[in-house]
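*Asks:*
There are 6 protein chains.
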Amino acid sequence: MSDRYRRGLDVAEQLANDKLAHFVKSGVAEIAPDFARMVIEFAFGDLYSRESLDLRSREMIAIAALAASGHAGPQLRVHVESASSVGIEKAEVVEILMQVALYSGFPAALNALADCHDLLTDDNCLTRACG
Amino acid sequence: MSDRYRRGLDVAEQLANDKLAHFVKSGVAEIAPDFARMVIEFAFGDLYSRESLDLRSREMIAIAALAASGHAGPQLRVHVESASSVGIEKAEVVEILMQVALYSGFPAALNALADCHDLLTDDNCLTRACG
Amino acid sequence: MSDRYRRGLDVAEQLANDKLAHFVKSGVAEIAPDFARMVIEFAFGDLYSRESLDLRSREMIAIAALAASGHAGPQLRVHVESASSVGIEKAEVVEILMQVALYSGFPAALNALADCHDLLTDDNCLTRACG
Amino acid sequence: MSDRYRRGLDVAEQLANDKLAHFVKSGVAEIAPDFARMVIEFAFGDLYSRESLDLRSREMIAIAALAASGHAGPQLRVHVESASSVGIEKAEVVEILMQVALYSGFPAALNALADCHDLLTDDNCLTRACG
Amino acid sequence: MSDRYRRGLDVAEQLANDKLAHFVKSGVAEIAPDFARMVIEFAFGDLYSRESLDLRSREMIAIAALAASGHAGPQLRVHVESASSVGIEKAEVVEILMQVALYSGFPAALNALADCHDLLTDDNCLTRACG
Amino acid sequence: MSDRYRRGLDVAEQLANDKLAHFVKSGVAEIAPDFARMVIEFAFGDLYSRESLDLRSREMIAIAALAASGHAGPQLRVHVESASSVGIEKAEVVEILMQVALYSGFPAALNALADCHDLLTDDNCLTRACG
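Protein chains in written order, with the UniProt record's numbering: chain P, 1 to 131; chain V, 1 to 131; chain Z, 1 to 131; chain F, 1 to 131; chain H, 1 to 131; chain B, 1 to 131.
(1) Helix, strand or coil: how does DSSP classify V:Gly45 here?
(2) Between P:Phe42 and chain V, is there a C-beta pair that is closer than 9 angstroms?
(3) Could you work out which residues of chain F lie near V:Phe106, taking near to mean beta carbons separated by less than 9 angstroms?
(4) Determine contact between the region 25-42 of chain Z and the region 90-102 of chain P, defined as no fewer than three beta-carbon pairs at a distance below 8 angstroms.
(5) Quick one, which residues of the region 63-87 of chain F are near chain V if we go by CB-CB under 8 angstroms, in chain order?
(6) With a CB to CB cut of under 8 angstroms and the five nearest residues on each side skipped, what residues in its chain are close to B:Tyr48?
(7) Give me the Cα-Cα distance between P:Asp46 and P:Arg4, rounded to the nearest whole angstrom.
(8) Is the CB of P:Met38 under 9 angstroms away from at least one CB in chain B?
(9) According to the Cβ coordinates, are B:Ser69 and V:Gly70 closer than 9 angstroms?
(10) Please determine, among B:Glu51, B:Leu53, B:Leu66, B:Ile40, the residue with the shortest C-alpha to C-alpha distance to H:Ser104.
(11) With a threshold of 8 angstroms on Cβ separation, who are the neighbours of P:Ser118 within its own chain once the five nearest residues in sequence on each side are excluded?
(12) List, from N- to C-terminal side, the alpha helix (DSSP H) runs of 4 residues or more that fit wholly inside the UniProt domain "Carboxymuconolactone decarboxylase-like" (33-114) of chain P.
(13) Given this structure, state the Cα-to-Cα distance separating P:Ser52 from P:Ala62, to the nearest angstrom.
(14) Among Z:Leu120, Z:Gly27, Z:Arg50, Z:Gly87, which has the Cα closest to the Cα of Z:Leu76?
(15) According to a CB-to-CB cut-off of less than 7 angstroms, which residues of the region 43-62 of chain V neighbour chain Z?
(16) Using Cβ-Cβ distances below 7 angstroms, what residues of the region 93-117 of chain B are close to chain Z?
(17) Using DSSP with H/G/I as helix, E/B as strand and the rest coil, what is Z:Leu9?
(18) What residue does the alpha helix (DSSP H) around B:Ala29 start on, and which one ends it?
(19) Taking just the CA atoms, how far does V:Leu110 sit from B:Met38?
(20) Return the Cβ separation of Z:Ala108 and Z:Val93 in integer angstroms, given the expectation that the two are a contact with Cβ distance under 8 angstroms.
(21) I'd like to know whether the C-beta atoms of P:Val86 and P:Gln14 end up nearer to each other than 9 angstroms.
(22) Would you report the Cα separation of F:Leu113 and F:Phe106, rounded to the nearest angstrom?
(23) Apart from the five residues on each side of it in sequence, which residues of its chain come closer than 7 angstroms, Cβ to Cβ, to F:Val28?
(24) For H:Met1, count neighbouring Cβ atoms within 10 angstroms of its own Cβ and tell me buried if that reaches 16, exposed if not.
(25) Under three-state DSSP, which class holds B:Leu120?
(26) Answer with yes or no whether the minimum CB distance from F:Asp10 to chain H is below 9 angstroms.
(27) Since F:Phe42 and H:Phe42 should fall inside the 8 angstroms C-beta cutoff, what is the C-beta to C-beta distance between them, to a whole number of angstroms?
(28) Whole angstroms is fine: what's the gap from V:Glu89's alpha carbon to V:Met60's?
(29) Taking only beta-carbon atoms, is P:Asp34 less than 9 angstroms away from chain H?
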């Protein structure tokens, strides 16, 4: 296990994201194991672990950029799930997605809200366990 | 002048952005005056002025989403110029653009860096006057 | 209820679109009620209600732009459903989607046709009730 | 000269567009002559010449779809220049570009307006000769 | 049947692609028969049949461009299915999709891999019959 | 200098691309030196150096994906300049760009041809020195 990979897993742990952990040994990993490793090494090990931005800012940026692209629903869900682990509230996620309408149009914003509907309905669900 | 427009100008003032002020009576305003007004009213008066996110977060989101789209160089420059007014340092802008490479590819990130090259070269220029 | 909202609902009524009416109190409205209101106020109240273009032209533009974006299937369906209310025939919708292939490629056009397949199969279904 | 090519040139003539005529023997034609021919044959000869939509509708669709894509400034200019030949007024072109902001965001609309600024400044220039 | 159509079917046969054959008389053909014909005539009859590139190169290009666009899952599947008929191995398809991450970002590459997951799981399935 | 960086430079050398070499110490490197290094390490050191695809195939994929995105003119030029070093002829580059029209529309293909016009005019220029 490379240092970059270890650093990537450290970041993933701080994001407390089961989806991310699951990703390492799932679908993509099955057909493209080197690529799954590279995502952890490069995205999380190389970029996310840099200190110039805190993880809260990085997750806001991820949510904004993914919603803006219009075709990244699954990745958007992963980062919306991580949001609460770094102190981003649901109301803030909704606000980010609304702002994206300015830059990428209403369909991108509306589809992003729909893609994450279940993750954003219960006001408390992102900051504590949902019963 | 509508309340929404006034609220929009208030936000623009906090962003201390001459480009933005210029925009109100320039190019676009000349051929589409109602649209220039709507941008101020809707983008800044309706959305930016909401309290769920502070302006620092909103400008990070703007920079991320605009860079991610790949075709919004002029708008990206406006928001990179506003960044320092809300406490975002140049090194942070660079870091946001680097992170966008993950979601929209290297060309989008490289072109965003090139589009804002002059705004990002001098390390101090965004946080205090450049001589 | 603001004047802008009322004007937006007036337009929605002319589009005789249940989907649109439904939208006001549904999915998005549940997690982002202010955004659902803004869509009605801004999209329909501010822009669609302007007299420079008739609603038939506006719906053609909506269908063309949504299909061109490649990621707006749900919104495309809403506007294809409204098309008949403003005198656009099914054959014309198909023709618009075919033309979009020129600007955004065949996949965007083919996926738009597939997204609206059920709305476009019966020749009469858009201009009178389908039994 | 194929029938499809001749039909394409007929359409181009109705659009009274020097840019289009110029295109046939210019830049692209020099390095990709077969492609320049295919554009005339397929875009104008096969699609535009179909009777299901009149040329006025087709040009509205072209302007909407090209502005929506965000990266088609040169092609947008060609079609904005053709607009007056098929009875579309400048104020209508501006209105189409404003509406595109809904679907593709403000930057796409603002850049489209800027790309065509000189074509849209004089109120009369599209409907009669500019002195 | 035009010469262009016949040439298009010849290419389709070399791609040994049932999906493609199916496409001719299916969904899209039902609501837009002229468009289904044009796809065969223009895409396969006019472009693919040109000798400047062999079909193996053309399918690599198709897979790269479709994955890069981020919204062409169904078309990507058609071309990944054709890949083996022109000598492209599964490992090469995976490698193309990985490389696309550089130009269009990780989500486009990850979604392309997910869209074609079943076509890429069994190592032998593209080069000989799967039992 | 990391192994990954060294491997990246090796690939760059095979592409015999001055633009690429220039990139290492230029514009982007000035404001984002870590990012310039990461591009070499990740794009060329990690991905391009993998043996599953030869460099000729990789450059075809790069050209197709970059043209398809519609907003990567500068990067497209870099790879079109590298094309001849790996045995891709100008006529083949033109053919790739023509094929991209199918997937991303005519404007993307036409703009790609225009972006690389000077690199594609002289028939011999890519395969031997131009006087």
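Note that beta-carbon positions come from the ideal geometry of N, C-alpha and C, so glycine has one too.
*Replies:* So, from the data block:
(1) helix
(2) yes
(3) Under the 9 angstroms cutoff, chain F gives no residues; its nearest Cβ is about 17 angstroms from V:Phe106.
(4) yes
(5) Gly70, His71
(6) Gly8, Val11, Leu55, Arg58
(7) 7 angstroms
(8) yes
(9) yes
(10) B:Leu66
(11) Per the sequence shown, the amino acid found at residue 118 of chain P is Asp instead of Ser. Taken in chain order, the list of residues that qualify is empty.
(12) 33-38, 55-69, 73-83, 90-104
(13) 15 angstroms
(14) Z:Leu120
(15) Asp46
(16) Leu102, Tyr103, Ser104, Gly105, Phe106, Pro107
(17) helix
(18) 27-31
(19) 12 angstroms
(20) Not really, about 15 angstroms apart at Cβ, beyond 8 angstroms.
(21) yes
(22) 11 angstroms
(23) Phe35, Ala36
(24) exposed
(25) helix
(26) no
(27) 6 angstroms
(28) 11 angstroms
(29) yes
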